[in-house]
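Residue numbers (the numbering used here), protein chains in the order written: chain A, 49 to 333; chain B, 3 to 317. Just so you know, even glycine gets a beta-carbon here, dropped at the ideal spot from N, CA and C.
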């Protein structure tokens, strides 16, 4: 009975959200798929060209593949560095040291600052450092400083976020388990590898995938730090530049949208793997 | 065993335990002092490392604050002078702040950012929590299709829809602040509905049924019974959405006309939009951009940290 009366209230409870959702997501999503098979500059002049955009990307678009390689390299490095750093910080900050709260506050803060602001905060600092150390500007295209600088900035930003998740995971470990191990004579290393790490495995999975998807989809920091240079572009920035950066006579919009579809498929695949992994873990425990 | 023997045995035991006690105490003292000393050393080393790291973490922000007070000649573009300490000659007072704010329209950008974030977050939470409750409580084919639609949208990166979204919003006349709020509600709905649904599922049905039997219609039931129970998850969702919308750069960049700026767009305008990067202005505007975030963070740090941990587990 509850169900039947409530059912009639669809227009009040669901419809407003649904309309916004359809305008902002559903239509653009399907239109995006359609447009990736078109040559267009606006909605009205779209002209069907079949898989031409995709063929062009796979056969001739080197910038895209360089960006793809760079993104994969960047993602792998940032996942490793950020998670090792964050886990180490979380271990230190769950030891009830003096000033734990202040440290936590400081390490987490960069997360709240948006990518664009973050990028510009670092740009001058990094420029000063590379000029002092190597004598070149940070954005000098002959060297790879831009890439490594981006890694520093993203580590600085995301480490605190992952640290919070690891801290929550470590604090959830029942104290008597650790105590029992200590009484039985386990060394700190044994406690870490045999107790702490296995018990925070769910947090580790979450953090690995969060860093992965954040690094893979990175745009703001990449743009603010490195500008739109072809030497430092990650995928998201390359997609943006292909769609909006070209002049309209080359009809690069369609190719950019096709890149976006490929990008979406990769992200969907990563998410699918993640879901499968977390699901199977849940069954085990 | 007679009493004599028993006495002797007890005597022996007492003696033994006395010795043992002494030996144990000695060992404990030794162990404790040793362990304490080594723990003290380890802890101090940890605190020192953490302090150094925290200082390193703050250096870029400190450099920005310092440089925001330097004169233009002390900050030549691309010469790498960010770490040179400020002195009497290079001190510029609040001029960078005054000139920068005027040049990039920071006052209206701050107003716009506040307006967009507050309205979008309130509308988003108000609407999506209602939707989530309905979708959980009414089980039909349609509601599950809608629910999975929302969940699906969470895995779609913005780049996939940004081109058609910007074309569409232009054609529909959504290139205004109101239009942007609508887009935020639509694009953010997926995660909000997902998080609220998870919470609604844990609320026992009996309370709502009792309210219904007492004569509440669904709207009364929702606002008087369900909504108050949703408060904790509402705080979490509000914080996550505030962080997203306040910092978002691409969506307003793509949809708003160039004369309506948000803070990230105004920041970008300090760099090279007229061919020259005004680093002093940029630094001053960065400081202004960080201040609201720091205040927000210090004011609701507990909620933010809890929200982040909770949001990560769900998302």
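According to the DSSP secondary-structure assignment, residue 96/A is paired through a beta bridge with 86/A.
When the alpha-carbon of residue 130/A is set against those of 289/A, 273/A and 203/A, the nearest one is in 203/A. The Cβ neighbour count for residue 197/B, taken over all protein chains shown within 10 Å, is at least 16; the residue is labelled buried. Between residue 227/B and residue 208/B, the C-beta spacing is not below 8 Å. No Cβ-Cβ contact shorter than 8 Å links residue 241/B with residue 119/B.
Close to residue 301/A, with beta-carbon spacing below 8 Å, are these residues of chain B in chain order: 165. For residue 291/B, same chain residues with a beta-carbon under 7 Å away, outside a window of 5 residues either side, are 265 and 269 in chain order. Measuring C-alpha to C-alpha distances from residue 185/A to each of 303/A, 74/A and 273/A identifies 273/A as the nearest.
When 8 Å is used as the limit between beta carbons, residue 63/B is near these residues of chain A: 169, in chain order. If you keep only unbroken alpha helix (DSSP H) runs of at least 4 residues inside the segment 256 to 318 of chain A, you get 268 to 274 and 283 to 288. Annotated three-state conformation of residue 72/B is strand, per DSSP. Burial check for residue 254/B: the Cβ neighbour count within 10 Å reaches 16 or more, so the residue is buried. With fewer than 16 neighbouring CB atoms inside 10 Å of its own CB, residue 95/B falls in the exposed class. Leaving aside the five residues that flank residue 258/B on each side, the residues in its chain whose CB is nearer than 7 Å to its CB run, in chain order, 177 and 182.
Counting the other CB atoms within 10 Å of its CB gives residue 139/B a total of 16 or more, which places it among the buried residues.
When the beta-carbon positions are compared, residue 218/B and residue 127/B stay at least 8 Å from each other.
Taking C-beta atoms under 8 Å as the contact rule, residue 265/A and residue 159/B qualify, at a distance of about 5 Å. Of all C-beta pairs linking the segment 60 to 75 of chain A to the segment 185 to 192 of chain B, three or more are shorter than 8 Å, placing the two stretches in contact. Comparing C-alpha distances from residue 179/B to each of 110/B, 132/B and 166/B shows the shortest one belongs to 110/B.
For residue 240/B, the enclosing alpha helix (DSSP H) covers residues 233 to 249.
In the three-state reduction of the DSSP assignment, residue 93/B falls in the strand class, which pools E and B.
For residue 158/B, there is no enclosing alpha helix (DSSP H), as DSSP marks it with neither H nor E. Between the segment 271 to 290 of chain A and the segment 166 to 182 of chain A there are three or more C-beta pairs closer than 8 Å, enough to call the two in contact. Taking the C-beta atoms as reference points, residue 309/B is found no nearer than 8 Å to residue 260/B. Around the beta carbon of residue 245/A, fewer than 16 other beta carbons lie within 10 angstroms, which makes this residue exposed.
In the displayed model, residue 57/A falls within coil according to three-state DSSP, outside both helix and strand. Excluding its 5 nearest sequence neighbours in each direction, residue 267/B has C-beta neighbours in its own chain below 8 Å: 111, 251, 254, 255 and 258, listed in chain order. The segment 62 to 76 of chain B and the segment 90 to 104 of chain B touch, with three or more beta-carbon pairs separated by less than 8 Å. Across the set 249/B, 204/B, 71/B and 171/B, the C-alpha of 204/B shows the shortest separation from the C-alpha of residue 231/B.
A straight-line Cα-Cα distance of about 6 Å links residue 294/A and residue 300/A. Going by DSSP, residue 166/A is part of the alpha helix (DSSP H) stretching over 163 to 182.
Taking 8 Å as the Cβ-Cβ cut-off, the segment 107 to 124 of chain B has no residue approaching chain A. Per DSSP, the unbroken alpha helix (DSSP H) holding residue 131/B starts and ends at 108 to 139. Straight-line measurement puts the Cα of residue 134/B at about 8 Å from the Cα of residue 202/B. Only those residues of the segment 223 to 234 of chain A whose C-beta falls short of 7 Å from the nearest C-beta of chain B would be listed, and there are none. From the beta-carbon of residue 226/B, no residue of chain A is found nearer than 9 Å; the closest lies around 15 Å away.
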